[in-house]
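Throughout the sequence shown, residue numbering follows the numbering used here, covering 651 to 799 in sequence. Take a look at the structure set out below.
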Amino acid sequence: MSEPLLVQPGDGRAARVFDAVLSIKATAGETVGAYSLVEGTFQPNGFAPLPHVHRAEEEAFYVVDGAFDFRVADATVRGTTGSFLVVPRGTLHGFANAGSSPATLIFIHSPGLDGFFVELAELAASGPRDPAKIRSLMEAWGMEVPANP
Numbered sequence: 651m652s653e654p655l656l657v658q659p660g661d662g663r664a665a666r667v668f669d670a671v672l673s674i675k676a677t678a679g680e681t682v683g684a685y686s687l688v689e690g691t692f693q694p695n696g697f698a699p700l701p702h703v704h705r706a707e708e709e710a711f712y713v714v715d716g717a718f719d720f721r722v723a724d725a726t727v728r729g730t731t732g733s734f735l736v737v738p739r740g741t742l743h744g745f746a747n748a749g750s751s752p753a754t755l756i757f758i759h760s761p762g763l764d765g766f767f768v769e770l771a772e773l774a775a776s777g778p779r780d781p782a783k784i785r786s787l788m789e790a791w792g793m794e795v796p797a798n799p
């Protein structure tokens, strides 16, 4: 990265993933591959990622507003506004909005993984939620998705 990057509120590349609204704030290209940062607003009982494992990326989460249940290995922990969670590579994880209203989360992948969210938004725009197609896309991006998480 040779120039500072300032992303104002409401800016970023929009990516709608079923009923979740994502905003890609920093891409791997903008950070010379070091990380990507995405802000997402998730609906109660709405879209949530399949439990998965990253072999090449660390993932961190910051709860901006609301509450999320995070699956980390065999445990579930609740993060509320202001909570921060780091999931080391190789750890099974997932998350879902734990409240009764929309909740917002920032997630960071190191190295960057923003291209996955662009493709996931394209998949979401092509039709109804299909876990088999989502799993296939996740696996194409190097994530392991257990058959019986």
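C-beta atoms are modelled at their ideal positions from N, C-alpha and C, and glycine is treated no differently.
Just list the residues that DSSP pairs residue i with in beta bridges.
i: Val722; result: Ala725 and His743
i: Ala753; result: Phe692
i: Ser686; result: His759
i: Thr730; result: Ala717
i: Ile674; result: Arg663 and Val688
i: Glu794; result: Val703
i: Leu735; result: Phe711
Where does residue i land, buried or exposed, given buried means 16+ other C-beta within 10 angstroms?
i: Leu655; result: exposed
i: Val667; result: buried
i: Ser776; result: exposed
i: Phe734; result: exposed
i: Asp764; result: buried
i: Ala797; result: exposed
i: Leu700; result: exposed
i: Thr677; result: buried
i: Glu653; result: exposed
i: Val727; result: exposed
i: Glu772; result: exposed
i: Asn747; result: buried
i: Ala801; result: This structure cannot speak to residue 801, because the chain is shown only from 651 to 799.
i: Arg739; result: exposed
i: Ser786; result: exposed
i: Val688; result: buried
Span of the alpha helix (DSSP H) holding residue i?
i: Phe697; result: No alpha helix (DSSP H) holds Phe697; DSSP gives it neither H nor E.
i: Leu655; result: Careful: Leu655 lies outside any alpha helix (DSSP H) and carries neither H nor E.
i: Ala748; result: From DSSP, Ala748 is part of no alpha helix (DSSP H); its letter is neither H nor E.
i: Asp780; result: Per DSSP, Asp780 belongs to no alpha helix (DSSP H) and is neither H nor E.
i: Gly765; result: Asp764 to Ala775
Tell me the residue span of the beta strand (DSSP E) that contains residue i.
i: Ala665; result: Arg663 to Val667
i: Asp715; result: Glu708 to Asp715
Would you mind working out which of the options sits nearest residue i, comparing C-alpha positions?
i: Val736; options: Gly679, Thr754, Val768 and Ser760; result: Ser760
i: Ser750; options: Gln658, Asp719 and Val727; result: Asp719
i: Thr741; options: Met793, Glu680, Ala782 and Phe692; result: Met793
i: His743; options: Arg728, Pro752, Ala723 and Gly732; result: Ala723
i: Ser686; options: Phe767, Gly696, Gln658 and Asp661; result: Phe767
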